[in-house]
Structures are given as structure tokens and as C-alpha cells.
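Just so you know, the sequences run in chain order A and B.
Residues in the first sequence are numbered from 70 upward in steps of one, following the numbering used here.
Residues in the second sequence are numbered from 100 upward in steps of one, following the numbering used here.
Report on one structure; see the data block that follows.
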Amino acid sequence: MEDITKKRYANGKPKLKRFHQAKWDEPIIFELSTEGERGILPPEVEDEIKHMVGDVISHIPEKMRRKEPPKLPELAQPRVLRHYLRLSQETLGADLNIDVGQGTCTMKYSPKINEQLARMPQMTELHPLQPEETVQGILEIMYKFEQILKEISGLDKFSFQPGGGSQAIYTNASIIRAYHESRGEADKKTEIITTIFSHPSNAACARTAGFRVITIYPSEDGYPDIEALKAAVSEHTAGLMITNPEDTGIFNPKIEEFVKIVHEVGGLCAYDQANTNGILGITRAKEAGFDLCHFNLHKAFSAPHGCGGPAVGAVGATKELAEFLPIPVIEFDGDRYYLDYNRPKSIGKVRSWYGVAPVVLKAYAWVMSLGAEGLREVSEIAVLNNNYLLKKMLEIPGVSAPYAKGKRRVEQVRYSWEKLAKDTGVHSEDIGIRAADFGVHYWTSHHPWIVPEPCTLEPTESYSKTELDEYAEIIKHVANEAYTNPEIVKTAPHNSTIHRIDHAPLDDPSQWAITWRAYRRKVSKEHE
Amino acid sequence: MKRKKLGLIVNPIAGIGGRVGLKGSDGIEIQKKALELGAVPLSLDRTIEALEVLKPIKDDIELITYPSEMGEDATKKCSFDSMVIGSIVKGRTTAEDTKKAAKEMLHTNVDLILFAGGDGTARDVYDAIGGEMPVLGIPTGVKIQSAVFAINPKSAGELTVSYLRGECDVREAEVMDIDEEAVRRGIVVPKLYGYLKIPFQKRLVQGAKVPSSSGDKEAMEAIALEVTDRMKDDCLYIIGPGTTTRAILSKMGLNKTLIGVDVVFRGSLIGTDVNEKQLLELIKNHKAKMIVTPIGGQGYIFGRGNHQISAEVIKKVGRDNILVIATPEKIHSLGGRPILVDTGSREVDEMLKGYVRVITGYREEIVYKVSC
Chain A
70 MEDITKKRYA NGKPKLKRFH QAKWDEPIIF ELSTEGERGI LPPEVEDEIK
120 HMVGDVISHI PEKMRRKEPP KLPELAQPRV LRHYLRLSQE TLGADLNIDV
170 GQGTCTMKYS PKINEQLARM PQMTELHPLQ PEETVQGILE IMYKFEQILK
220 EISGLDKFSF QPGGGSQAIY TNASIIRAYH ESRGEADKKT EIITTIFSHP
270 SNAACARTAG FRVITIYPSE DGYPDIEALK AAVSEHTAGL MITNPEDTGI
320 FNPKIEEFVK IVHEVGGLCA YDQANTNGIL GITRAKEAGF DLCHFNLHKA
370 FSAPHGCGGP AVGAVGATKE LAEFLPIPVI EFDGDRYYLD YNRPKSIGKV
420 RSWYGVAPVV LKAYAWVMSL GAEGLREVSE IAVLNNNYLL KKMLEIPGVS
470 APYAKGKRRV EQVRYSWEKL AKDTGVHSED IGIRAADFGV HYWTSHHPWI
520 VPEPCTLEPT ESYSKTELDE YAEIIKHVAN EAYTNPEIVK TAPHNSTIHR
570 IDHAPLDDPS QWAITWRAYR RKVSKEHE
Chain B
100 MKRKKLGLIV NPIAGIGGRV GLKGSDGIEI QKKALELGAV PLSLDRTIEA
150 LEVLKPIKDD IELITYPSEM GEDATKKCSF DSMVIGSIVK GRTTAEDTKK
200 AAKEMLHTNV DLILFAGGDG TARDVYDAIG GEMPVLGIPT GVKIQSAVFA
250 INPKSAGELT VSYLRGECDV REAEVMDIDE EAVRRGIVVP KLYGYLKIPF
300 QKRLVQGAKV PSSSGDKEAM EAIALEVTDR MKDDCLYIIG PGTTTRAILS
350 KMGLNKTLIG VDVVFRGSLI GTDVNEKQLL ELIKNHKAKM IVTPIGGQGY
400 IFGRGNHQIS AEVIKKVGRD NILVIATPEK IHSLGGRPIL VDTGSREVDE
450 MLKGYVRVIT GYREEIVYKV SC
């Protein structure tokens, strides 16, 4: 009999996967529609019921009734099922690949039991408009999870209302504005300082909230430049909004000093803790002196990314700033949990309701399964994994980890393929696309590309040594190909659903179509 | 891909002076001297390096070039079919040949002219065709102060491929040159000659997580809005050369001297293409602010292409009254290297050193290091 193990393993290690992605050439669901085709044909209602209920439609106000039925695609159930299964095969989802390539996103494995909890009818059948006394359970969980985040950050009060990281950052910018307004200094305090390696949402949200944005470049060693900060602060400084560790995986060793310099001119400091997965239970916003912070529950706290949401960007504030948090906040009077709307200084609402409850539930379940020590262990393993992968990566020709020479990184690393690009003409995006031929995903970096030919890897605590070895082996293989057969990398992908796509139309609104209706409108216009 | 026409001009003697320490290759005498000193022209090899990158789209381009060492040799070495036009005297080509070649290619309606050379070659191309059509430099010369060159031959090839594939925008870039005669006497006087159109790859849209970034033009308009918002009636404004500063005057409905210095007061031009003396006269009894942008590929805000704004003018205006503007793209293209000043006065250079708040958009600034 054939030894099947030999095909897939060499010296006890898995060989590169002979992967090939499914390619269905699947139409858009609207194109699959056949008039009159139905998924379910419910039986006619019995006369007796009809008689008792009467005309159901008449209960809906006249002006709210549709004149014509919605133009939904008409398909039989098995065709719908096939359609979405095929589409799902054309992705490189987090559950399908060794997902360490999407640095800054903390793509950890989220235990399925937490999904099951969130899908229990006790959760799914709740409605945010229910009276408080009927939703004491979820309010209790949200309140208790707030106590957990207070401990993790050292700050005093949290809101779960923002539906994602950027909205949380926007909330923090709004709180900074409200604080200065409350002191009659809004006209003077007009500037927010950030760093170029902070998540770009810090600059964008500060702008959206009406501030002028001053961005600091790193010093030569890649650390945020404290001299530049000193040159940037003034009486106009409203606040500092930064990520730490930055997207390079480098922790700012002078963070306390940064905060002090901004406090001295009357500014507030907001800590973007999207990159918190390597510092849980190790260092806190409070000790660095921050006034505000936010955590992405869909990153470090294991409520999975929801493909653009809904998620939760939990915003934390010190006692002094708690009164500005969005309404409502969840309170406990020793007997019952309730929503407090009576907060005159609140910035108001940044989103409906009080946070995406199933997301908070998943995060709560995840933390409770770990305990305080387990949470710290998560970070320790995430850092260990990252530095192991760093060591493996640096053995590959053409790659480097710029800045902070000889120092380790926290939970992620921004690598540079500058040398490989110079040597071979193969660029970082090419490597990522070729890596997809082996069934793994890989990401470059946010723009602007301060680090040339960047790639950002974040292994989290979820992956084993064998899996990290496998990932590094794939990247090494691709780098070797770049040196020996660059064409195969430049013309990749070879085993994927689609070939390279031209990104230029993303800059041109006339070429976008986000809905089928918009697409048809634009196409028919072109053909006129 | 629709078949595209690509022009190729090689300045065969570009770079010949560098290896033997002659600081340039302008002038027949110098070229002779360089050859005597054992110089080897680099143009051929570097052009081939760029052409190699074009091989995958070989069948989609019609290559038009000049005879023997001015392009034909390079295309033959890479086994590219090419249409050879014009005529030269072998071994004795001059600046005039470059100009002639560029003009003829303009008339054959090529989509892009790829030229190999240095600042002198760029100037010749500029003299011949101005900004009438896109060009791109393969850097082979000794002096590369102009911003019309790709970083290296390979990236010149890559940029050409993506331009011909229709994946690029076009932008204006500086043609700079220094007077080589003066340099050999120890004086460096870089001048801004004008602007050529070059392909510009945004490389700014990668994946869903990346916000789409606006183009160069939009970035300049945003800066212009910021600057005009800040302008006050009691102050006159010295506007340095450049396309970014031009956007400010365009916004005000005024015409800018692209390679010169203009002065604006209360929304009107009170001086166009002024020299140092005129500037000093204008600001003698008047509050003035100055708006400058990095010129050329190396990030100089003073001392390259804007000598009218002398050390004395800068001193008089004062450090706090200098507004530095640059598109974010320009700042990122410095790759972490500082903005530079070279005013000719140590005292003024020292005064300008440190950190500057560069206006990069509407209500957006970057704090950046200035060095000399």
C-alpha cells in the first residue's frame, strides 16, 4: 500500500500545500433570478384563521405600505444554498487559512462555543426596545464586562455604543471637543496630534470631528519622535490620539513623557488600543496617564470581525471625563441594572442603542473562560509567537524588520521587502498574491508606505509552532522564487479564483457600483 | 491592451564624467577628457536594464527609437523590434541630437518617451517638447537633481509598463540643472528650468482596508484652500516656484511664474518673477510671509531653484513667517530623509534647522525635520 503520509510530510513537517482554490465563475444572485421561482411555498391560511385575524395588511398604515413588491431575486432554495456555498469556497476566510498575514487586525481564532452562546434564542430574541426589567440578564453581562475593561485599562467608565474602532476613535475625538467646550476653550483648542504609524483612523476621525490634524513622523530609529512632539504642541493642542504599540509592533518607550508633554499644554490624551493583544494584563492606559482609550472587542477580545461590522469599539474614560460618554450608560443600583439617559454633558449618541449585545456577550464569555491570568497568558503567547515568526522571517533572503535594531517587537511586525524588490523587481504585493497560491493570506500595510515594500504579520496566540513554521515556509518559498523565477511571482496568482484586479477604479466614483441597482443604472447610462 | 507607441532616446555619453570625477558630462571637451581617463558610458547597460522589464508587454508596444548608440543598440541587445527614425553621426552625438529626436517622436504621436540620461538630457528634452507629452527618465547621468527620473532603471521599466497599461496618472515634475562650468569652479548654482509631464503611479489603493487617497491635483487644491484661508490683508506673500505653490495662485485667479518667485498682496500680484533685489525692496517696510515647497527630488526648500529667495530675504522675513507646503505624497517620497536647506549662509541654515510644520492638506500638517 502507498504511504500517504510521505506525500504530505517530510521529516515530520508538512510540505507546502498543493492548494487550488475553487473557481465557479458564479453569477451575481440577481442574474440567477427566474420569475416565479420560489424557495418556500407556504400553504394557504385556513378560513377559520383568516376569519379571526381579518385583513392583516390593514394594520399597517396606508402610507407605509409598498406599492409593488421588492425586486428581490426569485430562486428555489437549493439554488440559493449552492450559490452561497460556492461563493464561500472562493474566499480565503479566517477559518480556512493560517491567518497570521493580516497584521493590525488580530485575526485570532474565536472559539465556536461563544458563537453558539450568541446564537441562543435567549440572545437572538431580545429587542433593544424591551423594558429594562425584561433584559436584566444581558444588561448584567454588559455591566460586568465593563468592570472587566475597567480593570484591564485602569480607566473608570466605559461605553459600548460605538459599532467599531473608527467610531470609537471618533467618539474620543468628540469627547475631547466636548471637554474643551465645557471649559469655554473650544476656539483655542483646535489641534489634534497623532503619529504616522498610528492607525490612520486617528487622523481621519479627528478631522471628521472638526480638528486640525498634526502628524508626527518617526525619528530614525522608528520610535515616535519626542522632539517633533515638542515642536508640535502649543496652546492650540486639544489632544493626542495615538496607537501604542504602533502598527510597526514597536512600543513607544517614552509614552508617559508624550502624555505629560500634551497634558502640560492643557491637551487630553486618547489611547487607541486596537493593538492591545500583546499587552493585556501587562501595561495599562491609566499608568501611562491617558484620559481616554478604546478597545476593539472584535480584535483582541475574540468577537470575530464581522466583515465591516457590526462590532464594538468600547470607549473608556477617566472619572473626570465619564460625564461626556455617549448616552445611555449601563448602571446598577445594587438591585437592578438600568440605562441612564440623564447625563446632560454627554456628547449624545454616536450610534443607536447601547452596543451590539451579542458582540459584548462573546467577548465576556471569552474573557471569563480565561480569567485574569489566562488573559495575561494570551498576551505572553502572542508576543512569543510574534518573535518566533520574526526570527523565522529574518532567515528569509530579501526581508528586513526596519527600525529599533536588535529589539524585539510586541504583537506584530512591519517587515520590508525593499532589498528583495531591488534585487528581483518583485514587490511586496506580488509576494502576497503568490502566497495565496499556497492557501494563505498576506497583507502589506496602511498607506502611506513609510516602510518601503511593507508587509505586516501578526500571529496572535492562536497558532502553533508547526503552523507558524508552515506559514514562514510558504513565504520563504515565494522569496526564493522571486530570486530564481521572478516571473512566476509577478504573474501570480496561478491557483486562485480570480487573477489580479485593477485597483484604479476604486478611485473613480463613476466606476463604482455597490448595489445591483446602481450597477444597472450605470450600465444603462453607458449604453444610452 | 491596445497597441501603444513608445519612444526611446538614449544619451550615449550621459554619466561618462561621473566615474572619473568630472561632475558631469556637458561639453565635447569634457567628454573627450573623460574617455581619456578611462570612463565607460553607463547609458547602454542601464537602458537595457529598463527595457528588460518591458519584455512581458513586448507584443503590445511599438518601439520607436534613434539610430545606433542613441537607442537602436539597446533595443537590439534585448531583441526588441523597433522602428528607427532620424540620423546621427556615430560617436559624435550632441545635445542637438536629443532635441531633434524628442521633437520627431512628438510628431510620430508616441504615447510616452523614455529617455536615458541625466539632468542635461532632461533639459534637452524639455527644450524640445516642453510639457506637451509625457516622458520618463532612466537615470544614467552624473547629476540627477530633476524629479523626472525613476529611482532606478528597473523602476523606470515598471512605471512605463503600468503607464502603457493605463494604470497611471500624469503629473508635472521639475527639470533642474546646475551650471557644470560653475561647479567645476567650485560653485553650485542649481536652477529650475521647467516642468515635464511624467507618469505618476499612485500605488495608493491596495485593498479594502486602505482608504482611497485623492490624487496629486486634489491634494494641491486642498493645500491651496488652507493657505488662502490663512492669508491676511496686512501682509504680503512671497510665493516660491513650483506646481504646489502655483495651485494657490490658481485658486486666487492669478497666474504664477512656474519657475520664478511671485509676490501677492491683498489678492493681487504685485511682483512677478522677481529677483533678490526686488524682493528686498518689497519687504523693506512691509510685513511679509513666504510660501515655499520642496523643489526637485531631494527635498530642498531653499537653495535649489529659488535663489532669488536669498539668505538675506529669509532672514528679513523670519523663520516664523515661512509656510512650507507639500503634498503628503511628496513628504512620503522623501523616505524619512529630512527636508533640506542650502541658503549659502551658515547662520540662516542654522536658523532654519529643526522641525517645521508642513501644510499637507486642508487643516492637515506634518511636523517634519529640516536639516542642512
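By construction, the Cβ of each residue, glycine as well, lies at the ideal position given by its N, Cα and C atoms.
Distance CB(residue i)-CB(residue j) smaller than 9 Å
{"i": "P192 (chain A)", "j": "L430 (chain A)", "result": "Contrary to the premise, residue 192 (chain A) reads as Met rather than Pro in this sequence. For M192 (chain A) and L430 (chain A), yes; Cβs fall inside 9 Å."}
{"i": "T192 (chain B)", "j": "P140 (chain B)", "result": "no"}
{"i": "N271 (chain A)", "j": "I261 (chain A)", "result": "yes"}
{"i": "T264 (chain A)", "j": "P231 (chain A)", "result": "no"}
{"i": "I330 (chain A)", "j": "I283 (chain A)", "result": "no"}
{"i": "T160 (chain A)", "j": "E527 (chain A)", "result": "no"}
{"i": "K290 (chain B)", "j": "G404 (chain B)", "result": "yes"}
{"i": "L324 (chain B)", "j": "Y461 (chain B)", "result": "yes"}
{"i": "G398 (chain B)", "j": "R345 (chain B)", "result": "no"}
Opening and closing residue of the beta strand (DSSP E) in which residue i lies
{"i": "E556 (chain A)", "result": "Run containing E556 (chain A): none in the beta strand (DSSP E); it sits in the alpha helix (DSSP H), 555–559."}
{"i": "A387 (chain B)", "result": "387–391"}
{"i": "H363 (chain A)", "result": "361–365"}
{"i": "F393 (chain A)", "result": "Unbroken run through F393 (chain A): none, as it is neither H nor E."}
{"i": "C338 (chain A)", "result": "337–341"}
{"i": "V423 (chain B)", "result": "421–424"}
{"i": "R276 (chain A)", "result": "Run containing R276 (chain A): none in the beta strand (DSSP E); it sits in the alpha helix (DSSP H), 270–277."}
{"i": "G501 (chain A)", "result": "Looking at the DSSP string, G501 (chain A) is not in any beta strand (DSSP E); the run it does join, the alpha helix (DSSP H), is 497–505."}
DSSP state of residue i mapped onto helix, strand, coil
{"i": "V304 (chain B)", "result": "In this predicted model, V304 (chain B) has a pLDDT of only 31, less than 50, meaning its place in the structure is not dependable; the value taken from the coordinates is given anyway. Here V304 (chain B) sits in coil by DSSP."}
{"i": "F327 (chain A)", "result": "helix"}
{"i": "C524 (chain A)", "result": "strand"}
{"i": "L349 (chain A)", "result": "coil"}
{"i": "D276 (chain B)", "result": "strand"}
{"i": "D361 (chain B)", "result": "strand"}
{"i": "K290 (chain B)", "result": "strand"}
{"i": "D409 (chain A)", "result": "strand"}
{"i": "E463 (chain B)", "result": "strand"}
{"i": "A242 (chain A)", "result": "helix"}
{"i": "R456 (chain B)", "result": "strand"}
{"i": "A541 (chain A)", "result": "helix"}
{"i": "S469 (chain A)", "result": "strand"}
{"i": "E400 (chain A)", "result": "strand"}
{"i": "R483 (chain A)", "result": "strand"}
{"i": "K472 (chain B)", "result": "As displayed, chain B neither begins before 100 nor continues past 471, which places residue 472 (chain B) out of reach and without an answer."}
{"i": "R270 (chain B)", "result": "strand"}
{"i": "G234 (chain A)", "result": "helix"}
{"i": "A79 (chain A)", "result": "strand"}
{"i": "M310 (chain A)", "result": "strand"}
{"i": "A410 (chain B)", "result": "helix"}
For residue i, the first and last residue of its enclosing alpha helix (DSSP H)
{"i": "V224 (chain B)", "result": "218–228"}
{"i": "K591 (chain A)", "result": "585–596"}
{"i": "G256 (chain B)", "result": "252–263"}
{"i": "F227 (chain A)", "result": "Premise fails: F227 (chain A) lies in the beta strand (DSSP E), 226–228, not in any alpha helix (DSSP H)."}
{"i": "Y212 (chain A)", "result": "205–222"}
{"i": "T327 (chain B)", "result": "315–329"}
{"i": "T174 (chain B)", "result": "171–176"}
{"i": "R445 (chain A)", "result": "426–463"}
{"i": "M121 (chain A)", "result": "116–122"}
{"i": "K299 (chain A)", "result": "295–301"}
Cβ of residue i within 9 Å of any chain C Cβ
{"i": "H431 (chain B)", "result": "No chain C appears in this structure, whose protein chains are A and B."}
Legend entry - Against chain B: residues of the stretch 297–319 of chain A by CB proximity under 7 Å: A297, A300, A301
Legend entry - Members of the stretch 548–572 of chain A near chain B, C-beta cut-off 7 Å: D571, H572
Legend entry - Chain-ordered residues of the stretch 242–254 of chain B with a beta carbon less than 7 Å from chain A: K253
Inset, instruction - Quick one: which residues of the stretch 191–222 of chain A get their C-beta closer than 8 Å to a C-beta of chain B? List them in chain order. - result: none
Inset, instruction - Give, in chain order, every residue of the stretch 521–537 of chain A whose Cβ lies closer than 8 Å to some Cβ of chain B. - result: P521
Legend entry - Whole alpha helix (DSSP H) elements within the stretch 158–205 of chain A, 4-residue minimum: 181–187, 190–193
Legend entry - Contact residues within the stretch 274–290 of chain A, judged by C-beta distance below 8 Å to chain B: R276, F280, R281, V282, I283, T284, I285, Y286, P287, E289
Inset, instruction - Using a Cβ-Cβ cut-off of less than 8 Å, give me the residues of the stretch 470–504 of chain A that come near chain B, in sequence order. - result: K491, G494, E498
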